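Residue numbers (my numbering): 5 to 577.
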């Protein structure tokens, strides 16, 4: 069977129907819609099936096209790129409480001041229709990036507060990842999907507790989780683990130290569990599948350009994708160990910095491109000698600036100037600044400055990222490298070698990641301000929830189980 011919029931009729609906949506009346027969059903594999809740490419629902199309919320999202040979879909899990149809104390109440709108889940789903490949990149919420807000730097999860367009722009400007479509889910979406399929079973090897999310597992075993309890699992980032069977006081249990990274690890496992449930359950029953659709779609928001016919096209191509074969990676970071991070007069709490070259190689792997390729154009990045580069030393250490400048000159970069700058604080992030036009509101972005900045970033090791700010670019240069703490330049003769990390994340019980192999840049390894770089594909820890071994009669746990319940809590974290 060819790569383009994966069959879906009534595929030709689906495509024709999708095209007709897109034309009629320009001006159909309710009477015309009502006159259509509700008996005709179709395989509506909505974009929710690509991500967090109905799960990457596996889910699908059967229901009336017109009816379902009217349920999905659409909004204008700027800075999106045209779809080319591949496609990147930004999938967001919003923390909004005030935007929920019905307030739920388990999530924290809007009336009680839980009003923040952040993106706790930031995932990019990469699709290649030609090869059928699917990959997923999770971006940790605490990554400190230069363009999170319109006015400047913040954690990436804070961008959504200023709207989806700002989040899209931040990812394109700071990570150089083109975004083609936008999908946003909230707590209700997630919980409703789980409830609609009858819940999911997960195995908990040891008792665990999270006060903020409300998760409270009192005994090991397999548990049937409903929507709210599933949310407690994927939202848990302050997890405490029972140290021994005799200690039944969760407040005294040690807490893992990986926070959001650990939550991403567990979320990826949850995706596999719910995907397996959907695959085993089978889809195609018009009654039960329409129940899933009507539970999910009213809480789903997509960009206004994401047409139903395009969703159908994606569904047909990726209908039989196996989630266990999908590449799921997490953007690597180093945690900044200085307490609440102080930057330009403001405290930002716990933050993390992107780490290179690990970050760039992870993006290349997810997008399926080679090193030195411009993801926006598919062409090669400019050569180091083709543009002027200015250097501003904001590290506070003259010797570091000298070594970086010398190494970059040896790589062929044209250094137009090298000056001393003002350190942003005790520890600073290296930023490769560029200017030119920002991503346009409704057309593709071609930026010579961004391409040149990527050429520079590709040669750096340590806490470094791209940043758009024309005023930060030194006159006479196309790009300005602002040197921060712990920056080094990649060796000319050889690629970075891999070695065992020597530092560990504090407070992580029996963490396997503390001895994992990962590249630790010299400036990071020698700095007391940084943790070891995180892994891009973390294995489950011994205490993490995971899939049960199930039979047709119910759970068959991998170790002794009990009938104790999962305790619901009321966390706002």
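Every residue, glycine too, gets a C-beta built ideally from N, C-alpha and C.
Everything numeric in this text was worked out from a predicted model, so none of it was measured.
Going by beta carbons, residue 486 and residue 437 fall inside the 8 Å limit. The beta strand (DSSP E) runs lying completely inside the region 354-415 and spanning 3 residues or more are 356-358, 392-397, given in chain order. In this structure, the CA atom of residue 483 is about 57 Å from the CA atom of residue 252.
For residue 419, the pairing in a beta bridge is given by DSSP as 393. Taken atom to atom, the span from the alpha-carbon of residue 320 to that of residue 194 is near 24 Å.
By DSSP's assignment, residue 226 forms a beta bridge with 207. Here the region 81-90 makes contact with the region 167-186; the two share three or more CB pairs at distances below 8 Å.
For residue 486, the enclosing beta strand (DSSP E) starts and ends at 483-487. In the three-state scheme derived from DSSP, where H, G and I count as helix and E and B as strand, residue 159 is classed as strand. Between residue 358 and residue 385, the C-beta gap is not smaller than 8 Å, which leaves the two residues out of contact.
Residue 409 sits buried, since 16 or more C-beta atoms from the chains shown fall within 10 Å of its C-beta.
Under DSSP, residue 169 shares a beta bridge with no residue.
Looking only at 453, 535, 126, 196, the smallest Cα-Cα distance to residue 301 is reached by 196. Secondary structure note for residue 332: its beta strand (DSSP E) is the uninterrupted segment 331-334.
For residue 95, DSSP records a beta bridge to 127, 187.
Each residue's CA atom was taken as its position, placing residue 333 and residue 142 some 6 Å apart. Apart from the 5 residues on each side of it in sequence, residue 340 sits with its Cβ closer than 7 Å to the Cβ of 355, 356, 357, 431, 533, 534 in its chain, given in chain order. Excluding its 5 nearest sequence neighbours in each direction, residue 277 has C-beta neighbours in its own chain below 8 Å: 204, 205, 206, 550, 551, listed in chain order. Here DSSP, grouped into helix, strand and coil, assigns residue 279 to helix.
In terms of CA proximity to residue 422, 402 leads the group 154, 439, 402. The three-state reading of DSSP puts residue 142 in strand, counting E and B together.
Following the DSSP letters along the chain, one finds residue 150 inside the beta strand (DSSP E) bounded by residues 148-153.
Between residue 469 and residue 433, the C-beta gap is smaller than 8 Å, which places the two residues in contact.
A distance of 8 Å or more separates the beta carbons of residue 381 and residue 540.
The C-alpha of residue 400 is placed about 15 Å away from the C-alpha of residue 348. Taking a 10 Å sphere around the C-beta of residue 186, we find 16 or more other C-beta atoms and assign the residue as buried.
For residue 551, the secondary structure class from DSSP, reduced to helix, strand or coil, is coil. DSSP, read as helix, strand or coil, puts residue 320 in helix.
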